[in-house]
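A.B. asks:
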Amino acid sequence: MMAGVALADDVPAKLDAARAAYAKGDVARAARELEAVLTGLHQRLGKALAETLPAAMAGWQAEAPEIQGLSQAGGGLSVSRAYAKGDSSLNATLILDSPAVDAAIGLFANPAARAGTRKVKVGPEDALLRYDSSTHAGEVTLVIGNRVLLEIEGDGITNGETLVDAAKGWNTARIRTLVGL
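Structure below.
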């Protein structure tokens, strides 16, 4: 059994330990116990969300997903995966319950504020696509339920459709289920 999964399964015991430490005035231990709970829960949820990342498109290679708690950045969880094909690269990132989601929501209110940005559909979801043909770089951004930011950034790509095609690989229905939307 993996440490993150084992820890996540120990959530009730860790919460009880935190409550007991707090009741005794040992705030430092209570904080450590709660941090351990949060880390374990992030790992467990992160592994489930990693399964929703787009699969590598034909000819592309995918790296292993990375899961990171964002407590230092205002809270939340990040799950990402890098993809490569020759000199081209993509990076898919899912961010949950973070201030970055609020910032992205603002982009949807006025997509014209960012040069080269236009609204597109990625399956049933509204998305923003920005592609710069002079740098061969861009990004596609989706926000789900005001809680989840999905973004794919690309470099060395020939057109914005590569980003849209990659974004179509997100399992947005599963994401909604996992985060309770």
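Quick note: the sequence shown uses our numbering, first residue 65, plus one each step.
Note that beta-carbon positions come from the ideal geometry of N, C-alpha and C, so glycine has one too.
Since the structure is predicted, the reported quantities are computational estimates derived from the model, not experimental observations.
1) Give a yes or no on contact between the segment 162-177 and the segment 221-237, applying the rule of three or more CB pairs nearer than 8 Å.
2) Quick check on the DSSP output: what are the complete beta strand (DSSP E) runs of length 3 or more inside the segment 106-145, in order along the chain?
3) Quick one, are the C-beta atoms of valine 75 and alanine 114 less than 9 Å apart?
4) Would you mind working out which of Glu97, Glu215, Val243 sits nearest alanine 81, comparing C-alpha positions?
5) Between alanine 67 and the rest of its own chain, which residues show a CB-CB distance below 6 Å, the 5 nearest in sequence each way excluded?
6) Tell me which residue opens and which closes the alpha helix (DSSP H) that isoleucine 221 is part of.
7) Taking buried to mean at least 16 other C-beta atoms within 10 Å of its own C-beta, is isoleucine 159 buried or exposed?
8) Are there three or more Cβ pairs, one per stretch, closer than 8 Å when the segment 218-231 is compared with the segment 195-209?
9) Could you compute how far the alpha carbon of proline 129 sits from the alpha carbon of phenylalanine 172?
10) Mind checking leucine 79: buried by the 16 CB within 10 Å criterion, or exposed?
C.D. replies: Inspection of the coordinates gives the following:
1) Between the segment 162-177 and the segment 221-237, the count of Cβ pairs shorter than 8 Å is below three; the stretches do not touch.
2) Runs found: 130-133.
3) Alanine 114 sits away from valine 75, with the two beta carbons spaced by 9 Å or more.
4) The shortest Cα separation from alanine 81 among Glu97, Glu215, Val243 belongs to Glu97.
5) Because alanine 67 carries a pLDDT of 42, less than 50, the predicted location of this residue cannot be relied on, and the following value inherits that uncertainty. Taken in chain order, the list of residues that qualify is empty.
6) Where isoleucine 221 is concerned, there is no enclosing alpha helix (DSSP H), given that its DSSP letter is neither H nor E.
7) The C-beta of isoleucine 159 has 16 or more other C-beta atoms within 10 Å across all chains shown, which makes the residue buried.
8) Contact holds between the segment 218-231 and the segment 195-209, because three or more Cβ pairs, one in each stretch, are under 8 Å apart.
9) Those two C-alpha atoms are separated by around 27 Å.
10) It counts as exposed.
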